[in-house]
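The structure under discussion appears below in the form of structure tokens.
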Amino acid sequence: MNGFIDKWLKINLRVIVLTILLLVGFDLALTRLIIPWYMNAETAKVQVSADVDRGPLIRRLPADDPNTLALWKQELARADGFTVVFLGDSIVHGGGVPDEDQTIPSYVAHHLQTLLPERELTVHCFSLPGCTPADTLNILRYIIDIRPDLVIYDVNIGWFGSKTVEEHPRLAELSKANDPRAAPTADSKEEPGLEQRLTNLVADHWALYRYRILLNYLWFGEPLREKLAPKMRKEEAADRLTSPEELYKPWYEKDFSVLKETKGKIGACDLDDSNQHWLSYLELIEALEEHQIKAAFFMVPRNRTLYEMYDLLDEKLLAEQQEKLALAARQSGIAVFDYTYAIEDRYFTDSVHLTAEGNQLLARNLAWNLVQSGLIRVGD
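According to numbering that gives the first Met the number 0, the residues represented by the sequence shown are 0 to 379, in order.
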């Protein structure tokens with residue numbers, strides 16, 4: 000009996016040791032090979048249609064968890080040369096295209112490299128599907144100590160009518176931890192519980208656990224879908240009624256008849272102190288000005304034909320509301336570019352998301368405007 004127990008313990012001891020060695024080996028490979036390869040992978044320029052090339056790989060944020068954001072922030076901190084950061088929602092994230100080298104940030108990087116071939120420049124995407132102005136503000140506060148050279152933000156007035164202030168509440172904790180003004184007070188010195196302390200300990204020392212959400216996305220998942228709940232919620236939600244295989248088709252190949260039930264106009268909201276989205280937008284502008292970070296905002300493109308088809312567009316109202324948003328930014332020295340009707344309707348997948356061709360057209364305009372306005376100059 001004792002011999003059997005001794006043999007069983009020896010066998011299991013080997014298994015335990017082997018398991019530990021495998022976990023340690025995978026952790027080392029994850030931190031030194033897999034993650035660096037993923038973050039720094041390049042893609043060849045390949046033709047996807049007659050006039051559109053794929054840009055360089057600009058990694059999309061796959062999740063809003065602290066460890067994934069920390070990894071993206073580390074890459075930004077390590078970047079050389081002139082750093083460009085994109086903030087915003089799924090329009091920048093690439094809600095109308097399947098691949099990371101077909102997004103607006105990717106094509107902007109490509110066109111800037113074409114315009115300024117001698118310039119060392121890196122582009123980073125910190126946008127997330129469903130990013131409200133408050134969510135965007137929280138991301139900016141988290142990375143602002145890195146002091147990127149230029150921040151680009153897509154202004155989507157659709158969010159200003161939403162009842163939900165934060166679609167990504169976890170981001171608020173990130174910005175608090177990084178904001179010196181949010182120092183602990185006598186009322187906020189509560190120690191984290193045992194479970195939280197153990198979680199932090201494991202995350203600090205075990206890379207597989209630390210990057211579990213990112214790995215789940217890489218191996219099994221898909222880019223995050225945008226959750227929208229603005230005042231125009233039925234109109235925006237209809238953009239996502241199609242199945243995944245239909246998602247990236249042009250809008251005119253889809254059925255948007257559900258929009259017949261939608262009431263109201265895009266941009267019909269109060270832009271005043273009673274609107275938390277407006278207040279977050281002003282704080283975003285203030286943070287950029289306070290830290291003397293150059294910025295460019297752009298009004299997101301709109302599918303005029305689709306809006307008019309279902310009587311959802313009052314051009315005068317939309318122009319007035321967007322001008323108020325633009326004026327608030329310009330007063331703090333932020334350049335604002337209006338692309339509301341800059342892209343032909345045939346390059347949309349729904350009311351606001353663009354096809355790969357549409358993304359490249361917008362990126363070409365944006366890159367040229369950035370250089371022409373002096374926000375990006377040779378020799379900076």
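Beta carbons are placed, not taken as given, at the ideal position from N, Cα and C, and that holds for glycine.
For clarity, every value in this text was computed on a predicted model and none was experimentally measured.
Secondary structure of residue i, DSSP reduced to three states
| i | result |
| --- | --- |
| residue 337 | strand |
| residue 171 | helix |
| residue 96 | coil |
| residue 354 | coil |
| residue 64 | coil |
| residue 149 | strand |
| residue 313 | coil |
| residue 299 | coil |
| residue 253 | coil |
| residue 294 | strand |
| residue 164 | coil |
| residue 344 | helix |
| residue 261 | coil |
| residue 144 | helix |
Inter-residue Cα distance where the pair is residue i and residue j
| i | j | result |
| --- | --- | --- |
| residue 112 | residue 61 | 25 Å |
| residue 168 | residue 264 | 28 Å |
| residue 339 | residue 58 | 26 Å |
| residue 141 | residue 328 | 21 Å |
| residue 245 | residue 317 | 29 Å |
| residue 309 | residue 261 | 8 Å |
| residue 319 | residue 373 | 27 Å |
| residue 84 | residue 70 | 15 Å |
| residue 361 | residue 86 | 16 Å |
| residue 133 | residue 165 | 6 Å |
| residue 323 | residue 297 | 13 Å |
| residue 259 | residue 106 | 35 Å |
| residue 251 | residue 146 | 42 Å |
| residue 248 | residue 254 | 11 Å |
| residue 358 | residue 341 | 11 Å |
| residue 345 | residue 117 | 35 Å |
| residue 138 | residue 292 | 15 Å |
| residue 315 | residue 284 | 25 Å |
| residue 326 | residue 162 | 24 Å |
| residue 313 | residue 257 | 19 Å |
Nearest residue (CA-CA) to residue i, options the options
| i | options | result |
| --- | --- | --- |
| residue 173 | 155, 162, 144, 148 | 144 |
| residue 366 | 326, 323, 258, 295 | 295 |
| residue 54 | 109, 326, 247 | 109 |
| residue 153 | 258, 136, 117 | 136 |
| residue 159 | 272, 346, 315, 361 | 272 |
| residue 269 | 358, 259, 299, 321 | 321 |
| residue 115 | 80, 138, 147 | 80 |
| residue 66 | 82, 170, 283 | 170 |
| residue 63 | 157, 155, 131, 149 | 131 |
| residue 52 | 337, 363, 368, 151 | 363 |
| residue 311 | 267, 337, 343, 281 | 267 |
Proximity test, residue i beta-carbon vs the ligand COA heavy atom, cut-off 8 Å
| i | result |
| --- | --- |
| residue 65 | Among the ligands in the structure shown, none appear at all, so the ligand COA cannot be discussed. |
is_contact[residue i, chain E] using C-beta, thresh 9 Å
| i | result |
| --- | --- |
| residue 374 | Structure shown: chain E not included; a single protein chain is present. |
Cβ contact (3+ pairs, closer than 8 Å) linking the region 352-366 and the region 98-107: Cβ pair count under 8 Å is three or more, so yes.
Quick check: the region 74-90 against the region 115-128, are at least 3 beta-carbon pairs closer than 8 Å?
Short answer: they touch.
Which runs of the beta strand (DSSP E), 3 residues or longer, sit entirely within the region 85-134? Whole beta strand (DSSP E) segments, 3+ residues: 120-124.
- Query: Between the region 323-336 and the region 282-297, do three or more beta carbon pairs fall short of 8 Å?
  - Reply: Touching, yes, given that three or more Cβ pairs across the two stretches are closer than 8 Å.
Is the region 90-98 touching the region 302-310 in the sense that three or more CB pairs, one from each, lie closer than 8 Å? No: fewer than three Cβ pairs fall under 8 Å.
Do the region 76-93 and the region 125-136 make contact, defined as three or more Cβ pairs closer than 8 Å? These segments touch.
- Query: Should the region 341-352 be regarded as contacting the region 268-285, the criterion being three or more beta carbon pairs within less than 8 Å?
  - Reply: Cβ pair count under 8 Å is below three, so no.
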